[in-house]
Amino acid sequence: MTYDYRSDPVLGPVLAYWCEKRGPRAMPRKRDMDPTELAPKLLPNLQIIEVLDGGARFRYRLVGTASVDAYGSDYTGLCPDELFADDRVVFIQDIYRSVCRLQVPLFTQNRYHTPKNVDVFAYRVYMPLSSDGSVVDFIFGVLSFQTGGTALEAAWREVARLDPTGQYIEPIDPAAIAA
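Using my numbering, the first residue of the sequence shown is number 25, and each one after it goes up by one.
In structure tokens:
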């Protein structure tokens, strides 16, 4: 069973917003996205990721405070390969490259396990943005975190292990969102 991202109070509204801004096009432009049009409670969960060199690299252009709090640092302006170890950076870049290749939003679910025996679940939706309608040049991301009943502590990522059995990725059909 997968997580119901459409009903998530953070992911669902942002995905619906992306779909609204997309209109009849395959994907909206970055300039179509105005975070002030979203409920203020959603803003801390947003990311904007720039696609560099056709997807050879990616740079975080906007990192909301929910991510900063969850990961323990503000990584705005940095690239995933400057932040993460080999397996994790490959996983992250593969997701971003899939968004660029498929040109549809992707839902991802990851489970992390901390040394204090707490599971942390990260739910994300990554949505393509294109200035020309055919090449993805930015990715609009939204993240939601849940724990196994305890508060999410700052810098948990430094000690939490990504659980490979807790990973799930699903392309999202934009037509199904509008329905």
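Cβ coordinates follow ideal geometry from the N, Cα and C atoms, glycine included. Just so we're clear, the structure is a prediction, and the values are computed from it rather than from any experiment.
From the DSSP output, read off the bridge partner residues of residue i.
i, result
"residue 194", "131"
"residue 154", "Note: residue 154 sits in no beta bridge, so no partner."
"residue 162", "74, 153"
"residue 87", "71"
"residue 115", "None, per the DSSP bridge assignment."
"residue 148", "132, 167"
"residue 81", "76"
Rounded to whole angstroms, how far is the Cβ of residue i from the Cβ of residue j, which I believe are closer than 8 Å?
i, j, result
"residue 84", "residue 100", "6 Å"
"residue 38", "residue 160", "Not a contact, Cβ separation roughly 17 Å."
"residue 115", "residue 196", "Incorrect: roughly 19 Å between the Cβ atoms, too far for contact."
"residue 127", "residue 50", "6 Å"
"residue 94", "residue 164", "The Cβ separation is near 18 Å, so there is no contact."
"residue 86", "residue 72", "4 Å"
Going by beta-carbon coordinates alone, are residue i and residue j separated by less than 8 Å?
i, j, result
"residue 88", "residue 107", "no"
"residue 68", "residue 90", "yes"
"residue 167", "residue 57", "no"
Please go through the same chain and pick out, in chain order, the residues whose beta-carbon is closer than 8 Å to the beta-carbon of residue i, but skip the five residues on each side of it.
i, result
"residue 102", "83, 84"
"residue 105", "81, 113, 117"
Using a Cβ-Cβ cut-off of 7 Å (strictly less than) and excluding sequence neighbours within five positions of residue i, which residues of its own chain qualify?
i, result
"residue 155", "53, 54, 161"
"residue 46", "52, 198"
"residue 98", "87, 92"
"residue 27", "133, 147"
"residue 157", "49, 50"
In chain order, what residues of the same chain have a beta carbon less than 6 Å from the beta carbon of residue i, not counting five sequence neighbours either side?
i, result
"residue 151", "42, 129, 164"
"residue 110", "none"
"residue 30", "36"
"residue 194", "131"
Hey, is the region 140-156 in contact with the region 29-42, meaning 3+ C-beta pairs nearer than 8 Å? yes
Can you confirm whether the region 111-125 touches the region 38-50 when touching is taken to mean that 3 or more C-beta pairs between the two stretches lie within less than 8 Å? no
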